[in-house]
Structure formats: C-alpha cells, structure tokens
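Q: Numbering (full-length UniProt numbering), first residue to last: 1 to 292.
#1: Assign residue 92 to one of two classes, buried (16 or more other C-beta atoms within 10 Å of its C-beta) or exposed (fewer than that).
#2: Could you pull out every residue in the same chain whose Cβ sits closer than 7 Å to the Cβ of residue 57, ignoring the five residues on either side in sequence?
#3: Does the separation of the CB atoms of residue 303 and residue 204 fall below 8 Å?
#4: What residues in its chain sit with their C-beta under 7 Å from that of residue 113, if we drop five residues either side in the sequence?
#5: Could you compute how far the alpha carbon of residue 253 sits from the alpha carbon of residue 66?
#6: CA-CA distance, residue 255 and residue 275?
#7: Tell me, please, which residues DSSP counts as bridged to residue 164.
#8: Going straight from the alpha carbon of residue 273 to that of residue 279, what length do you get?
#9: I need the straight-line Cα distance from residue 227 to residue 201, nearest angstrom please.
#10: Under 8 Å, with one C-beta from each stretch per pair, do the stretch 217–231 and the stretch 33–50 reach the 3-pair mark?
#11: Considering only residues of the same chain and omitting the five flanking positions on each side of residue 61, which have a CB-CB separation below 7 Å?
#12: Run through the DSSP bridge pairs and tell me what residue 202 is partnered with.
#13: When DSSP labels each residue in this structure, what does residue 28 get in the three-state scheme?
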C-alpha cells in the first residue's frame, strides 16, 4: 500500500550492487494461480491488506480469514516498521500500535501459517527491506515458504538491488512483487515487469496510502504501460476503498488492492466489520468483459 522506491534509493540504506539475473526456472506462482482463478470465474481479483500484529497476532489471523471467506483472493500481511514513511495515517497508527503491543518480525511467520491453515487464499507479506536484511534474505525466505507464504511485496526494493532476493525467491519458490508508478520510465517498467512474479503492483498515484473518493486517472495509464511491457497480471493499489473503485479498476486491470479501508474497519469495529466490508468490496468484482 505504498509508493515504489526510486532508482538508486531504498529504505534499506546503502548496499552493494550485484548483477541481477532473472531466473527462467518454471515456478508455480501461488499468487498468479489465485488471480487466474478469479479471472476464470469472471471476477477481478481482490487483494486485501492488513498489518501484522494489529491489534494483536490472533486478531490479524482471524481478520485475514474473514477476508478470504468474503471474496478476497490474495491477502497482504504488512510487517510493522518503525519509520513507515510511505504509509498514510491510518496504517501508520495501526503499525505503531502493533509495535507498542510487542510485535516482532518473527511473528509474521506464525501469522502466515495461521492464515494458510484456515483458508486457500494466497498470502503475501509486504515489507520494507531492512527487516529482511536483518534476519538474512535466505533465512527470511525459507521461513516464509515453510509457513505457506506465497511471496513478498517489497515497496522500497528495486530490481537493480535485489540479487539476493532473486536467488532466495527462486530457491524457495516465492513470488516477488515489485511496484510501478506514474513516474516509472519505459525502461524501468520493462525491467520491473520482467523481475516480478505473481503480479505487478501498480501505484495509482504518487503519495502515501489512504482511502480516497476516486481512483486516480493515472491508474489506467500505469496498467496499460505495464501490460505493454509484458505484464500478464497487474493489480492497482492506493486510493481503492469502495466496490465502485474495484469495478472501475476491473475494466483495465486484473486486480484491485484495498488496505486503508480494511484497516480502519478492523480498528474501529473489529473482525466482523472487516468481513462485511470485504463482502461489499467483492460485489464490485464481476467483470463486464473478458480480459483487462
């Protein structure tokens, strides 16, 4: 639920660049399979975001299962970070609360395992890169795969600096979702599309997360550019909060990503409210035409 890192900059600080090679090894993508099932059913895939440990670990699991039971195809679990500069106020407040309540990065694997044991949705972890680096890329990837996770969404990591992640994701069969935005150049769009597995995350506008009245007009242009660069599956995030937004996005993209509205519902009304909102959002998923 964030904007992508710019070339040459990421939240993980300086790290040695290595030549990045994208593997051509055939890996079954859990995320792509979930999106394809939705499309085969004539629906736009619905992706739902929740912060790990908000308000506590068990509630995160219960809320995620409620999403899956009410039409969400792919679940994002965000790792709380001490400096969430790309997140809006609602998600920042939720992550701060999770950290104050004692959340630790290692608990994300328990959350993922708890979700995958109870539902068939693909479960991605969204994280700034520093927590992965601190644990070790291979160790983090191994534990995520063992928990049944589908892969990572990495908002502040660019393909140029992702050599270790490419190696580990191929080793453990994990999806790697990179972000593109209205400011992404054609050259970088092609690089990012090639590097991604599962789907390409299209940021609909430049800015922080948050529910908005309308989806940015730039969203369709970003998706079209990603498709032109070879992306088979593109999901749109930022500003998506209503069934009508999901319906609109389904006219040109394969999936819609909702975060802030779900987090707000969980914080104010609990798990049942999350399920109700997911059901409402899923009413916008039937597609008016085949394809995107």
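All residues carry an ideal CB built from backbone N, CA and C; glycine is no exception.
A: Taking the coordinates as given:
#1: buried
#2: 107, 110 and 111
#3: Beyond the ends of the chain as shown, which are 1 and 292, falls residue 303; an answer cannot be given.
#4: Closer than 7 Å at Cβ, skipping near neighbours: 147 and 148.
#5: 24 Å
#6: Looking at the backbone, the Cα of residue 255 and that of residue 275 are separated by about 19 Å.
#7: In DSSP, residue 164 forms no bridge with anything.
#8: Rounded to whole angstroms, residue 273 to residue 279 spans 10 Å at the Cα level.
#9: Rounded to whole angstroms, the separation of the alpha carbons of residue 201 and residue 227 is 12 Å.
#10: no
#11: Counting only Cβ-Cβ distances below 7 Å, and skipping sequence neighbours, we find 111, 114 and 115.
#12: Note: residue 202 sits in a beta bridge opposite 180 and 236.
#13: coil
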